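Visitor:
Protein chains: 2
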Amino acid sequence: MRPFTHPSVDNITVEGILHALSDPERMAIYVGLVNTETARSCANFQRINERTVPKSTLSQHFRILREAGLIRSERQGVEMLNTSRRAEVDKRFPGLVDAIMAAHCRQSGKANAGRKRGRRARA
Amino acid sequence: MRPFTHPSVDNITVEGILHALSDPERMAIYVGLVNTETARSCANFQRINERTVPKSTLSQHFRILREAGLIRSERQGVEMLNTSRRAEVDKRFPGLVDAIMAAHCRQSGKANAGRKRGRRARA
DNA sequence: CCTGTTAGTTCATAAGTCGCGAACTACGGG
DNA sequence: CCCGTAGTTCGCGACTTATGAACTAACAGG
Chain A
12 MRPFTHPSVD NITVEGILHA LSDPERMAIY VGLVNTETAR SCANFQRINE
62 RTVPKSTLSQ HFRILREAGL IRSERQGVEM LNTSRRAEVD KRFPGLVDAI
112 MAAHCRQSGK ANAGRKRGRR ARA
Chain B
12 MRPFTHPSVD NITVEGILHA LSDPERMAIY VGLVNTETAR SCANFQRINE
62 RTVPKSTLSQ HFRILREAGL IRSERQGVEM LNTSRRAEVD KRFPGLVDAI
112 MAAHCRQSGK ANAGRKRGRR ARA
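Protein chains in written order, with my numbering: chain A, 12 to 134; chain B, 12 to 134.
1. Below 7 Å, is the gap between the Cβ of Glu48/A and the nearest heavy atom of the ligand NAP?
2. Tell me, please, which residues DSSP counts as bridged to Glu85/A.
3. Taking Arg83/B as the reference, give the member of Gly120/B, Ala114/B and Glu48/B with the closest Cα.
4. Who are the neighbours of Thr24/B on chain A, taking C-beta pairs under 7 Å?
5. If you measure from the beta carbon of Leu107/A to each beta carbon in chain B, is any gap under 8 Å?
6. By DSSP, does Thr5/A sit in helix, in strand, or in coil?
7. Answer with buried or exposed for Asn11/B, where buried requires no fewer than 16 other C-beta atoms within 10 angstroms of its C-beta.
8. So with CB distances below 7 Å, who are the chain B contacts of His17/A?
9. Determine, for Phe56/A, whether the minimum Cβ-Cβ distance to residues of chain B falls below 8 Å.
10. Might you give, ordered along the chain, the residues of its own chain that have their beta carbon closer than 7 Å to the beta carbon of Leu81/A, omitting 5 neighbours on each side?
11. Does the beta carbon of His72/A come closer than 8 Å to any beta carbon on chain B?
12. So what's Arg103/B in DSSP terms, helix, strand or just coil?
13. Suppose you measure from the CA of Cys116/B to the CA of Asp34/B; what does that come to, to the nearest Å?
14. Who are Thr63/A's beta bridge partners in DSSP?
15. Would the region 57-73 of chain B and the region 48-63 of chain A be scored as touching if the rule is three or more Cβ pairs under 8 Å?
16. In terms of residue numbering, what span does the alpha helix (DSSP H) encompassing Gly27/B cover?
17. Would DSSP call Lys121/A helix, strand or coil?
18. Which whole-angstrom value is the C-beta distance of Ser52/A and Glu90/A, which I expect to be below 8 Å?
19. Drop a sphere of 10 angstroms on the beta-carbon of Ala79/A, count the other beta-carbons inside from all chains shown, and report buried for 16 or more, exposed for fewer.
20. Can you tell me which of Leu76/A, His17/A and Ile23/A puts its alpha carbon nearest to the alpha carbon of Gly43/A?
21. Using a Cβ-Cβ cut-off of 8 Å, state whether Ile75/B counts as contacting chain A.
22. Enumerate in chain order the residues of its own chain whose CB-to-CB distance from Lys102/A is below 8 Å, with the five nearest sequence positions on each side excluded.
23. Would Leu107/A pass as a contact of Ala110/B if the rule is Cβ separation under 8 Å?
24. Please report the distance separating the alpha-carbon of Asn46/B from that of Lys121/A.
Set out below in structure tokens:
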């Protein structure tokens, strides 16, 4: 098993981010990671939006998100712990994740787009 | 030739926008349309980033952008005039296009992301 | 009206990407 | 050492994308 490749902040691209988040399942995974401090294993996302996602598919989704620089994955014992790299992404592209999350929430009818304080999604 | 399909504002989706703009050539086309009032024909974009894009490929790019709701295309005589639907997109997803344009500019080393006044593109 | 030109669309197909079951790897535990 | 859990990789069929070739639409000139 080859070791994981996490791009450096400078190698994160807009295309990569847009492509990664243009898939509804990946978007759901990222949303589940971005608003929390605690790492979550892949197995946490085996059920997305009423559907059971096969392990191999999930693995690919995580790889795309990882290679886009959106998340960091580290093996912790037998499982894989994933955390969002939001602060780094924000440093490279200020406001991008925020805007995408706000748009996603608006579309799916949910409030709260901001990180901790539920602003930005605005009126 | 079937008439064009432009989604209504409410049918514009985040996935559609992200997918459309995750391609460098489509991003270049959209950037060329979004910061101007004047409509531009498809032929205006036959050369993108040092490369001559085939007509059929261009046509597909415009279709994707159109179906994502990012642009409007209308036949005017022998050519096709394209304009950005930015105001409408902004209404549905406030700040999204702004953030993506800012990120794109930052990545490609160009300043000026905002609409008319060259702000927003960072400090 | 016919012919030609320009601008773009559609079709067909080759090349590339994705989804997912099956097989494999890694890390504990007993 | 063998087993179970969590995830990765492989292989292949299904779906997408890119592009040359053929087609369509809107004019202009004769």
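No residue lacks a Cβ here, since even glycine has one placed at the ideal position from N, Cα and C. All figures in this text were calculated on a predicted structure; none of them were measured in a lab.
Guide: To lay it out plainly:
1. With respect to small molecules bound, the structure shown includes none, and the ligand NAP cannot be examined in it.
2. Leu92/A
3. Glu48/B
4. Gln118
5. yes
6. The first residue shown for chain A is 12 and the last is 134, placing residue 5/A beyond what the model contains.
7. In this structure chain B extends from 12 to 134, so residue 11/B is not present and cannot be described.
8. Neighbours of His17/A on chain B: none; closest Cβ ~18 Å, over 7 Å.
9. no
10. Ile28, Ala31, Tyr41, Ser95, Arg96 and Val100
11. no
12. helix
13. 15 Å
14. Arg58/A
15. no
16. Val25 to Leu32
17. coil
18. 4 Å
19. buried
20. Leu76/A
21. no
22. Val20
23. yes
24. 31 Å
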